[in-house]
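Undergrad: Would you mind keeping the following structure in view while I ask a few things?
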Amino acid sequence: MAAGAEDPTGSAIVNRQLNPHEILLFIKFYDVKKPLGDRLEYMGNIVIDARKSGAELAKYLHEALHIPFTTELTLYEEIQPLTVSEIEMDTSLEAAEIQNGDIICYQYAEDSSKNESVEKNASAEKYPDVPLYFLYLLDRVEIAFCRYGYPQEEESFSLVLLYSNVYDEIIDAVAAHLGFPSEKRLYLRLYQHSPLNGLPKKNPLRHSKYSGGNQTTLDEFLTDYQERTNIMYYEILTNPITEIEAKKQVLVYFSIYDDIFVDQNAPAASRRMEYLVLPNATVKDVLKQITQTFEVPEETVLRVCEVLHGGTMIQSVLDEDTSLSKYWMSSSGYGSSIERALFVEKIHEEEILAEDADSLAVVDDNETNKQEELEVGTSNELLRIGVVHFNFQSNTHIYIHPHGVPFVVHFRLQETVRDVKTRIRKRRVCISLGVPEEVFSQWNFAVVKELKASLVNEVYSDMDAETIDNFPMAHLEEVCGAQFEDIMNFGLEHADPKPATPKYNNRRQEQGIRIRQN
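End of the sequence shown sits at 517 in numbering that gives the first Met the number 0; the numbers just go up one at a time, nothing left out.
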């Protein structure tokens, strides 16, 4: 190769005066046997007459680089940094518009055709020649993989992938980075990133849908509503994804008022977990899993409720033989505030004893008592109802915004409003939420139906607080309906301690608005 000054790579460049038809060319070699990132190697530079043909340039390279003449070469011109064009052997360099300072790439013709001398591997077969390799360079993209459910800066890493990669190739790359053996790749699950809100999408990519396919590419996984991101999320599973997708997922919220379920790192935060169940599973089946998860003592009795609105409002108490089919998590990718879920809390000893007292009363009952019961009503029956934390929506004193963690309270109709409030306070509401007793006493007591509430002190606005607190619960039937059948919950009205989150991230809020002028 010619010698002289050095080019930016450190190779010598000729420094003599070129003749009118001479041109300086830089030469690169594409070696398909090397790793994908190292295949294109700079070999040096030459000076050649532009009137010579492509075949004569190939002969010159054979001689200069000591390549056997039995090895046929294929030549390409690098037109732009990521574009190449093959040089015809019978066309002159001048006619091919190859000029002084151009870059020429060559490779062994047998590598691009039969690929016989190359050890068989996916990348060699996929990028056997220079044009395909330059497409690969255009196709490359660096993806940030963040661990799902963790802060973005924790346990994240970057991988260089291709926009044309399919699901299995992405999974294999993540598994290789994490050091997972091939069989453990099934313990990985991927989530897309939403450029609209800067968060992972709710539902993961389904292995059963994308594995083995070659239609959906990384480019499509990264594009959402014509916006492209370079972020994806990975989750390390405790069970193979094939087993998870064969089962159904149910979402379970847990009480913060019971020690067995409290997260010591965030004692006032709502705790939730997803459980895998068989399609024919019942409440009893998920209770077994929960008991194992939290190592619940055998003597502890748990209650399972149906909840709505992100686990903030109890809809009903469920029996153990209740099917879980209507609590399966949605696979649409979009959640709903009224999507049903489960809520679990401990049944406390006071309620168990009250229930036992009812059972004894039934055993000791006689015909006289039954007749009295018919005359005065079942005022001694033990009733249960959910309690929801809420604040009123803006500009209304009817419709509510539920928040916080609910619970069930038991009572009898002859008990007073004060008795029920005391029982609520005993549920460790003040302790769990870090609320002083004097603040709790200022919370308004309400009856709630769907998302509408009536404050008891406003319903009975002509009475003072002391009189209302001494009201028997039976008197609330005037508002609630007989036996409280018309309401879902009692309510505690107070401000939501959790700050509101913006709907969109700042980047989108700061975008300008284009005003068209006629």
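For each residue, glycine too, the CB sits at the ideal point set by N, CA and C.
1) Does the Cβ of Ile-103 have 16 or more other Cβ atoms within 10 Å, making it buried, or fewer, making it exposed?
2) Note the first and the last residue of the continuous beta strand (DSSP E) segment covering His-192.
3) What distance in whole Å lies between the Cβ atoms of Thr-69 and Gln-106, which are believed to be in contact at a cut-off of 8 Å?
4) Could you tell me which of Tyr-190, Val-251 and Tyr-135 sits nearest to Leu-198, measuring between CA atoms?
5) Give the C-beta separation of Ile-399 and Phe-391 to the nearest angstrom, bearing in mind that I take them to be a contact with Cβ-Cβ under 8 Å.
6) Only counting the same chain, and skipping five residues up and downstream in sequence, which positions put a Cβ closer than 7 Å to that of Ser-322?
7) Is the beta carbon of Ala-108 closer than 7 Å to that of Glu-71?
8) By Cβ distance below 8 Å, which residues in the same chain neighbour Phe-342 in space, the five residues on each side in sequence not counted?
9) Taking the Cβ atom as the reference point for each residue, do Val-416 and Asp-468 lie within a distance shorter than 7 Å?
10) Kindly indicate the opening and closing residues of the beta strand (DSSP E) around His-402.
11) Which residue marks the beginning of the alpha helix (DSSP H) containing Ala-54, and which one marks its end?
12) Roughly how many angstroms lie between the CA atoms of Ser-269 and Gly-403, to the nearest whole one?
13) Nearest CA to the CA of Val-129: which residue from Leu-158, Met-487 and Thr-82?
14) Does the separation of the CB atoms of Leu-160 and Leu-217 fall below 7 Å?
15) Mapping the DSSP letters down to three states, classify Tyr-149 as helix, strand or coil.
16) Could you round the C-beta distance between Tyr-29 and Tyr-132 to whole angstroms and report it? I think they count as a contact, below 8 Å.
17) Could you spell out the range, first to last residue, of the beta strand (DSSP E) harbouring Tyr-107?
18) If we count Cβ pairs, one from each stretch, closer than 8 Å, do we get three or more for the stretch 229 to 247 versus the stretch 135 to 149?
19) Among His-388, Ile-169, Ala-356 and Thr-395, which residue has its Cα nearest to the Cα of Glu-380?
20) Is it right to say Leu-475 is buried, meaning 16 or more other beta carbons lie within 10 angstroms of its own, or is it exposed?
21) DSSP state of Ala-353, grouped into three classes?
22) Which runs of the beta strand (DSSP E) spanning at least 3 residues fall entirely within the stretch 416 to 478, listed in chain order?
23) For Pro-19, which residues in the same chain have their Cβ closer than 7 Å to its Cβ, ignoring the five residues on either side in sequence?
24) In terms of alpha-carbon separation, which member of His-176, Lys-448, Thr-215 and Asp-461 lies closest to Ser-315?
25) Compute the beta-carbon to beta-carbon distance between Val-285 and Lys-247, rounded to the nearest angstrom, for a pair I have assumed lies under 8 Å.
26) Here's a check: name, in chain order, each residue in its chain whose Cβ is nearer than 6 Å to the Cβ of Lys-459, leaving out the five neighbours to either side.
27) If we require 3 or more residues per run, which beta strand (DSSP E) segments fall completely within the stretch 162 to 222?
TA: A quick look at the data gives this:
1) buried
2) 187 to 193
3) 16 Å between Cβ atoms; not a contact.
4) Tyr-190
5) Contact flag correct, Cβ pair sits at about 6 Å.
6) Thr-281
7) yes
8) Within its own chain, the residues whose Cβ lies closer than 8 Å to the Cβ of Phe-342, once the five positions on either side in sequence are excluded, are Val-251, Tyr-252, Phe-253, Ser-254, Val-303, Cys-304, Glu-305, Val-306, Gly-310, Ile-313 and Pro-405, listed in chain order.
9) Taking 7 Å as the cut-off, the beta carbon of Val-416 is found closer than this to the beta carbon of Asp-468.
10) Unbroken beta strand (DSSP E) run through His-402: 399 to 410.
11) Going by DSSP, Ala-54 is part of the alpha helix (DSSP H) stretching over 53 to 64.
12) 7 Å
13) Thr-82
14) yes
15) coil
16) Tyr-132 and Tyr-29 do touch by the CB rule: their CB atoms are close to 6 Å apart, below 8 Å.
17) 102 to 107
18) yes
19) Ala-356
20) buried
21) Here Ala-353 sits in helix by DSSP.
22) 443 to 448 and 451 to 454
23) none
24) Measuring from the Cα of Ser-315, the nearest candidate turns out to be Lys-448.
25) Val-285 to Lys-247, Cβ: 11 Å. No contact.
26) Correcting the residue type first, residue 459 is Tyr in the shown sequence and not Lys. Hits under 6 Å: Ile-467.
27) 187 to 193
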